[in-house]
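Student: Input: one structure, supplied below.
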Amino acid sequence: MRAVSGTPWRGPVLVTGTDTGVGKTVATAAVTAAAQAAGLRVAVVKPGQTGTATGDPVDIDEVTRLAAPLTGRTLASFPDPLAPLPAARVAELPPLELYTAVDAVREEVDKHDLVLVEGAGGLLVPMGLRPSGEPWTMADLAVSLGCPAVVVARAGLGTLNHTALTLEALERRAVPAGVLLGAWPAEPELVHWANLTDLVPYLLGALPAGAGAIDPGVFRRSAPGWLTPALYGVLDDWRAWAEEIR
-15 MRAVSGTPWR GPVLVTGTDT GVGKTVATAA VTAAAQAAGL RVAVVKPGQT GTATGDPVDI
45 DEVTRLAAPL TGRTLASFPD PLAPLPAARV AELPPLELYT AVDAVREEVD KHDLVLVEGA
105 GGLLVPMGLR PSGEPWTMAD LAVSLGCPAV VVARAGLGTL NHTALTLEAL ERRAVPAGVL
165 LGAWPAEPEL VHWANLTDLV PYLLGALPAG AGAIDPGVFR RSAPGWLTPA LYGVLDDWRA
225 WAEEIR
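Going by my numbering, the first residue of the sequence shown is number -15, and it counts up by one from there.
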């Protein structure tokens, strides 16, 4: 794994995770809020949304509530809470084709300074099909777009292995990447501090646990303090940050 650059990222940026439920959507909202506070035009694209049968708000709805991006798009939706390709198969709906997703993201890149592309689950979850009929993943989308990736990870036990595997998969594909902790606990334990120490060279930010429940106005004002300059934040002292949010 290599240290990440502090140069602000522009154009398309993938937001993926080490697993499902690690905080990708709130992380996407935080980056959106920080970038818009810096004066950028931001779009958020969700290639595949699943689990829509419940009628609950979907990921783009949550990002819009918290950060109000200039543009928010979902390219394909499926009722069952599965990975997008199996969800399409179960629902007997057309799967999302890779180059449909590529073209949609590039369309937004032409109109925005930053386009955040939020995945589903982890990096290698099957998202849809290529023209050849082979499955594609968010890693394939990053390669096709030539864009960097934000890897959202847990703060606790097990995260070093999961994070290293995800970063290694991206590095093998020559995709630049950094790590954002999706939920830093209010009362961190030894394991959290130890993980933070090991991940600092790759960290792009860390969100306080429960950030998604914060009032949207407070969320937007606070977001830059959770992120490093690469993601339009001001965070540079990790221990001071962790103590401040307790």
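Note that the Cβ used here is the ideal one computed from N, Cα and C, for glycine as well. Note that the coordinates shown come from a computational prediction; the quantities given were computed from them, not determined experimentally.
In the DSSP assignment, find the unbroken alpha helix (DSSP H) run with Thr181 in it and report its ends.
Tutor: One-based indexing of the sequence shown puts residue 181 at position 197. Its alpha helix (DSSP H) spans residues 174 to 183.
Student: With distances taken Cα to Cα, identify the nearest neighbour of Gly217 among Gly189, Ile198, Gly196.
Tutor: Within the sequence shown, residue 217 is the residue found at index 233, counting from 1. It is Gly189 whose Cα lies nearest to the Cα of Gly217.
Student: Per DSSP, what kind of secondary structure is Pro(-8) in: helix, strand or coil?
Tutor: Along the sequence shown, read from residue 1 onward, the residue named residue -8 stands at position 8. Here Pro(-8) sits in coil by DSSP.
Student: Can you tell me where the beta strand (DSSP E) holding Ser128 begins and where it ends?
Tutor: Numbered from its first residue, the sequence shown carries residue 128 at position 144. Premise fails: Ser128 lies in the alpha helix (DSSP H), 122 to 129, not in any beta strand (DSSP E).
Student: Evaluate Val89 with the Cβ neighbour count: other Cβ atoms within 10 Å of its Cβ, from every protein chain shown; 16 or more gives buried, anything less gives exposed.
Tutor: Here residue 89 refers to the residue found at position 105 of the sequence shown. Classification of Val89: buried, given that the 10 Å Cβ count is 16 or more.
Student: Taking only runs of the beta strand (DSSP E) that begin and end inside the stretch 16 to 67, which ones reach a length of at least 3 residues, in chain order?
Tutor: 26 to 34, 55 to 62
Student: Report all residues from its chain with a CB closer than 8 angstroms to the CB of Asp3; omit the five preceding and five following residues, and keep chain order.
Tutor: For the purposes of this step, residue 3 is taken as the residue at position 19 of the sequence shown. Answer for Asp3: Gly105, Gly106, Arg138, His146, listed in chain order.
Student: Residue range of the alpha helix (DSSP H) that Pro200 falls in?
Tutor: In the sequence shown, residue 200 corresponds to position 216, counting from 1. 200 to 206 is the span of the alpha helix (DSSP H), which, as asked, contains Pro200.
Student: So, is Arg204 buried or exposed, given that buried needs 16 or more other C-beta atoms within 10 angstroms?
Tutor: In the sequence shown, residue 204 corresponds to position 220, counting from 1. Arg204 comes out buried.
Student: Please tell me whether His96 and Leu59 are closer than 8 angstroms, where the distance is taken between their beta carbons.
Tutor: If you number the sequence shown from 1, residue 96 lands on position 112. If you number the sequence shown from 1, residue 59 lands on position 75. No; because the gap between Cβ atoms is not below 8 angstroms, this pair is not in contact.
Student: Whose C-alpha, out of Arg49, Phe62, Arg57, is nearest the C-alpha of Thr38?
Tutor: Taking the first residue of the sequence shown as 1, we reach residue 38 at position 54. For Thr38, the nearest C-alpha among the options comes from Phe62.
Student: Per DSSP, Val136 is paired with what?
Tutor: Stepping through the sequence shown from its first residue, residue 136 is reached at position 152. The partner list for Val136 (beta bridge, DSSP) reads Gly1, Leu164.
Student: Nearest-angstrom Cα distance between Ser116 and Gly103?
Tutor: Residue numbering aside, residue 116 sits at position 132 when the sequence shown is read from its first letter. Residue numbering aside, residue 103 sits at position 119 when the sequence shown is read from its first letter. C-alpha separation (whole angstroms): 22 angstroms.
Student: Excluding the 5 residues flanking Cys131 on each side, which residues of the same chain have their C-beta closer than 8 angstroms to its C-beta?
Tutor: If you number the sequence shown from 1, residue 131 lands on position 147. Spatial neighbours of Cys131 in its own chain (CB-CB distance under 8 angstroms, excluding positions within 5 residues in sequence) are listed in chain order as Gly(-5), Pro(-4), Val(-3), Leu(-2), Val101, Val159.
Student: Locate the beta strand (DSSP E) running through Val99, then write down its first and last residues.
Tutor: For this step, residue 99 is matched to residue 115 along the sequence shown. That run of the beta strand (DSSP E) goes 98 to 102.
Student: For a test of the three-state rule: what should DSSP assign to Glu171, helix, strand or coil?
Tutor: Working through the sequence shown from its first residue, we reach residue 171 at position 187. Under the three-state reduction of DSSP output, Glu171 falls in the coil class, being neither helix nor strand.
Student: What is the residue span of the alpha helix (DSSP H) that Leu77 lies within?
Tutor: Translated into the one-based positions of the sequence shown, residue 77 becomes position 93. Premise fails: Leu77 is in no alpha helix (DSSP H) and is neither H nor E.
Student: Between which residues of its own chain and Leu108 is the CB-CB distance below 8 angstroms, once the five residues before and five after are set aside?
Tutor: On the sequence shown, position 124 is the one that residue 108 refers to. Around Leu108: Thr121, Met122, Ala123, Ala153.
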